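Accompanying notes for the structure given below.
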Amino acid sequence: MAKRIDVSGLSAYYGAHKAIDDISMTVEPRSVTAFIGPSGCGKSTFLRTLNRMHEVTPGGRVEGKVLLDDENLYGSAVDPVAVRRTVGMVFQRPNPFPTMSIFDNVAAGLRLNGKFKKNELADVVEKSLKGANLWNEVKDRLNKPGSGLSGGQQQRLCIARAIAVEPDVLLMDEPCSALDPISTLAIEDLIGELKERFTIVIVTHNMQQAARVSDRTAFFNLSAVGQPGKLIEIDETERIFSNPSVQATEDYISGRFG
Amino acid sequence: MSHVAVQDARPATPAPRKGSLSARSLPRWAGAGFAVVSIALAIGIGLAFDLQSKVQWGLIAALLFILVSYAVTTAVENKRQAKDRVATSLVWVCFILAVIPLASLLWTTISRGTKVLNGYFLSHSMAGVPGFETGGGVYHALIGTLEQVGIATLISAPLGLLAAVYLVEYGKGTLAKAVTFFVDVMTGIPSIVAGLFILTLMLMFDLGPSGFMGSLALSILMLPVVVRSTEEMLKLVPNELREASLALGVPKWRTILKVVLPTAIGGITTGVMLAIARIAGETAPIMLLVFGNQLINTNPFQGAQSSLPFYIWEQYRVGSDAAYDRAWAAALVLIAFVMILNLVARGIARWKAPKTGR
Chain Y
1 MAKRIDVSGL SAYYGAHKAI DDISMTVEPR SVTAFIGPSG CGKSTFLRTL NRMHEVTPGG
61 RVEGKVLLDD ENLYGSAVDP VAVRRTVGMV FQRPNPFPTM SIFDNVAAGL RLNGKFKKNE
121 LADVVEKSLK GANLWNEVKD RLNKPGSGLS GGQQQRLCIA RAIAVEPDVL LMDEPCSALD
181 PISTLAIEDL IGELKERFTI VIVTHNMQQA ARVSDRTAFF NLSAVGQPGK LIEIDETERI
241 FSNPSVQATE DYISGRFG
Chain L
1001 MSHVAVQDAR PATPAPRKGS LSARSLPRWA GAGFAVVSIA LAIGIGLAFD LQSKVQWGLI
1061 AALLFILVSY AVTTAVENKR QAKDRVATSL VWVCFILAVI PLASLLWTTI SRGTKVLNGY
1121 FLSHSMAGVP GFETGGGVYH ALIGTLEQVG IATLISAPLG LLAAVYLVEY GKGTLAKAVT
1181 FFVDVMTGIP SIVAGLFILT LMLMFDLGPS GFMGSLALSI LMLPVVVRST EEMLKLVPNE
1241 LREASLALGV PKWRTILKVV LPTAIGGITT GVMLAIARIA GETAPIMLLV FGNQLINTNP
1301 FQGAQSSLPF YIWEQYRVGS DAAYDRAWAA ALVLIAFVMI LNLVARGIAR WKAPKTGR
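Top line first, the protein sequences correspond to chains Y and L.
In terms of my numbering, the first sequence has 43 at position 43, counting the first letter as 1, and numbering is strictly consecutive.
The number in my numbering is simply the position in the second sequence, starting from 1, with 1000 added.
Here is the structure:
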């Protein structure tokens, strides 16, 4: 049940500081959209506005609209908790719950939301771990702590945890930046499989990664330090990397600045 | 993969030349050697000058230790090594100075407390035993302490826990700042003031002394300690875990209950146990509010009770040898009680600590 995201006129603030300014874009369902841009240009902030995690930060607030299949996430009657169940998130650093076993980590979303049937739980955990390509590595030690896994395995555990609640959209905030090339490859392959089922948005600093995994790429930039970040352009990944319509994008991709 | 044999044979070490990295150094036992020499010298000086106080002997030994190690190290090694050794020696001397009173206190309590400490002492009250005679026991005081401390914990542990959760997870702005400030102020309240506060209430409502009144005063003393330690433990929980849970669509209250608190539970338990240890030794509020009793009173809500610290004070005031023995034995019981609590806290902390094994 992948959904389309339609953002229009979105600005996000930290207190009085404006972090991103007037962003509009469309994210197609069952596709991978990559966000690239220099540090501090608001990619992560923008990503976090898509499941209302931005307002968890003290002082964080948002102006504008984010439509998820025609429903505004920032509508007055919308419950942020319900939004986050629909739009899952994987973070930069693997963050499995340290008090829980591998099984419990994957089951956490269902258990903590209190809506599950006991006999189905094992199936969901197995399906999610298989979906995250982790099942074969951990099936014999499901009751061992999740923090005992390697970094790459932990990150795939976090992906399994995120997809266990069957979200419509999966947001990934630099999911490979703390991983070695082999784990990165595993996760990139996984992203390719997951896009059959989910709408995926990924923030990355690795241009090759964006080129490898994404269908569309958005380039963000900021005019100066302390200025809000802006969306420069969004287009098919091939076009962005071969023949972008804005000069700044070409400069950034070819390494002439930033 | 094919391996190329790594050549790791080093050439024979040449004799150290001037300007090389190795230099003359003292053997590893040098520190112990300096200690022995300086203690021997101090004993010599003490005997020669007929110094009575053993404290003087110790201080002279400590001073000599630092001087000797500095002088010898300068001569054999160099100035930098000597300074390093003096710094290390100072740390050791301070450590030993800090340990001496502790060890002495434990030793005195154990050696004097074990005289009358036995099953009879633990299972009998002072009913019908005149203070200056032998016999009697600590049972009524033990019951009193357990009940008063237990009730105080039941009151202040949940309150303190929730207050800390508010401060860390919800509190923003002036109210949270005010609460933090007053918690800090409350940490410094003398126990007698807490006792007087409850005493005014007791007189206002025309209530008699009872263990429960003591518990109320103790919980006032315990509350800020619980809040403070729980707050610090909750702050240690990484924000990433909260975000991970929130991003799964888990409501905030469930995130706190199921992710934040379990992660911090080991430290929180330790904090509560330490707070219990702190109030277990309070005497002043017990004197005012619980009144003391020679008999067994198991009902904390009715009538006067005793407690261990009160019992110690009461027995020492009698002034006979038998009473002194009882006081020391009760002190030993109290220390053992606190120590057991600490061990339990450590056990729980270890048991509940986030697991890292594979």
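Beta carbons: idealized from backbone N, C-alpha and C, even for Gly.
Since this is a predicted model, take the numbers as computed values, not measurements.
Beta-carbon proximity list for residue i, same chain, < 8 angstroms, skipping 5 on both sides
{"i": "L/K1115", "result": "D1325, W1328 and A1329"}
{"i": "L/S1002", "result": "Any reading at L/S1002 must be qualified, since the residue scores a pLDDT of 47, below 50, and its modelled position is unreliable; no value is offered."}
Contacts of residue i in chain Y (Cβ-Cβ under 8 angstroms)
{"i": "L/L1248", "result": "R84, R85, G88, A108, G109, L112, N113, R161, A162 and V165"}
{"i": "L/E1169", "result": "Neighbours of L/E1169 on chain Y: none; closest Cβ ~11 angstroms, over 8 angstroms."}
{"i": "L/T1263", "result": "F97, P98 and T99"}
{"i": "L/P1251", "result": "V81"}
Assigned exposure category for residue i - 16 Cβ within 10 Å defines buried
{"i": "Y/I102", "result": "buried"}
{"i": "L/S1156", "result": "buried"}
{"i": "Y/D173", "result": "buried"}
{"i": "Y/D123", "result": "exposed"}
{"i": "Y/D70", "result": "exposed"}
{"i": "Y/E236", "result": "exposed"}
{"i": "Y/K118", "result": "exposed"}
{"i": "L/M1339", "result": "exposed"}
{"i": "L/V1227", "result": "buried"}
{"i": "Y/R256", "result": "exposed"}
{"i": "L/R1358", "result": "Confidence at L/R1358 is low in this model, with a pLDDT of 46, below 50, so the placement of that residue should be treated as unreliable; the coordinate-derived value is given next. So L/R1358 ends up on the exposed side."}
{"i": "L/Y1311", "result": "buried"}
{"i": "L/I1256", "result": "buried"}
Extent of the continuous beta strand (DSSP E) to which residue i belongs
{"i": "Y/I232", "result": "G229 to E236"}
{"i": "Y/D173", "result": "V169 to D173"}
{"i": "Y/R61", "result": "G60 to L68"}
{"i": "L/N1239", "result": "Note, L/N1239: premise wrong, no beta strand (DSSP E); alpha helix (DSSP H) at N1239 to A1247."}
{"i": "Y/V83", "result": "That residue, Y/V83, is in no beta strand (DSSP E); its alpha helix (DSSP H) goes P80 to T86."}
{"i": "Y/A12", "result": "I5 to Y14"}
{"i": "Y/V27", "result": "H17 to V27"}
Residue i: contacting residues in chain L (beta-carbon distance under 9 angstroms)
{"i": "Y/P58", "result": "K1172"}
{"i": "Y/P175", "result": "Within chain L, no residue comes near Y/P175; the closest Cβ sits about 13 angstroms away, beyond 9 angstroms."}
{"i": "Y/T204", "result": "Per Cβ cutoff of 9 angstroms: no residues; Y/T204 is ~18 angstroms from chain L at best."}
Within chain Y, the residues that residue i reaches when beta carbons sit closer than 7 angstroms
{"i": "L/K1258", "result": "L112"}
{"i": "L/T1298", "result": "Within 7 angstroms Cβ-Cβ: nothing; L/T1298 doesn't reach chain Y, min ~39 angstroms."}
{"i": "L/R1254", "result": "L112"}
Chain-order list of residues whose beta-carbon lies under 7 angstroms from that of residue i (same chain, five-residue window excluded)
{"i": "L/Y1335", "result": "Sequence inspection shows Ile at residue 1335 of chain L; the Tyr mentioned does not correspond to that position. Hits under 7 angstroms: T1109."}
{"i": "L/V1076", "result": "R1024 and L1026"}
{"i": "L/A1127", "result": "Q1294 and L1295"}
{"i": "Y/T249", "result": "F219, I232, E233 and I240"}
{"i": "Y/V32", "result": "I191, K195, I200, I202, V213, S214 and D215"}
{"i": "Y/N105", "result": "P96, F97, G146, L157 and R161"}
{"i": "L/L1216", "result": "I1198"}
{"i": "L/I1100", "result": "none"}
Listed by chain order, chain L residues near residue i by CB distance under 7 angstroms
{"i": "Y/R93", "result": "E1240"}
{"i": "Y/M53", "result": "E1243, L1246 and A1247"}
Neighbour flag for residue i against chain C, beta carbons, 9 angstroms
{"i": "Y/V78", "result": "Absent from the structure: chain C. Protein chains present are Y and L."}
Same chain only: Cβ atoms within 6 angstroms of residue i, ignoring 5 sequence neighbours per side
{"i": "Y/G258", "result": "A caution first: Y/G258 carries a pLDDT of 49, below 50, which makes its placement in the model too unreliable to give a value."}
{"i": "L/E1147", "result": "G1211 and P1300"}
{"i": "L/V1250", "result": "none"}
{"i": "L/G1267", "result": "M1233"}
{"i": "L/A1082", "result": "Y1070, T1073 and T1074"}
{"i": "Y/F91", "result": "D173"}
{"i": "Y/A210", "result": "A34, I36, T204 and T217"}
{"i": "L/G1136", "result": "M1126 and V1129"}
{"i": "Y/E63", "result": "S11"}
Interface partners of residue i on chain L, CB under 8 angstroms
{"i": "Y/V7", "result": "Result: empty, since nearest Cβ-Cβ is about 19 angstroms, beyond 8 angstroms."}
Bounding residues of the alpha helix (DSSP H) (the contiguous stretch that carries residue i)
{"i": "Y/F103", "result": "I102 to N113"}
{"i": "L/S1111", "result": "K1079 to G1113"}
{"i": "L/I1276", "result": "L1261 to A1280"}
{"i": "L/G1150", "result": "Y1139 to V1165"}
{"i": "L/Y1170", "result": "Run containing L/Y1170: none; DSSP gives neither H nor E here."}
{"i": "Y/Y74", "result": "Y/Y74 -> no alpha helix (DSSP H), and no H or E assigned at all."}
Beta-carbon proximity check, residue i vs residue j, cutoff 9 angstroms
{"i": "Y/E120", "j": "Y/K139", "result": "no"}
{"i": "L/V1179", "j": "L/G1188", "result": "no"}
{"i": "L/G1271", "j": "L/L1308", "result": "no"}
{"i": "L/L1218", "j": "L/A1152", "result": "yes"}
{"i": "L/L1221", "j": "L/P1285", "result": "yes"}
{"i": "Y/P167", "j": "Y/V87", "result": "yes"}
{"i": "L/V1183", "j": "L/P1158", "result": "no"}
{"i": "L/G1113", "j": "L/V1333", "result": "yes"}
{"i": "Y/T49", "j": "Y/Y14", "result": "no"}
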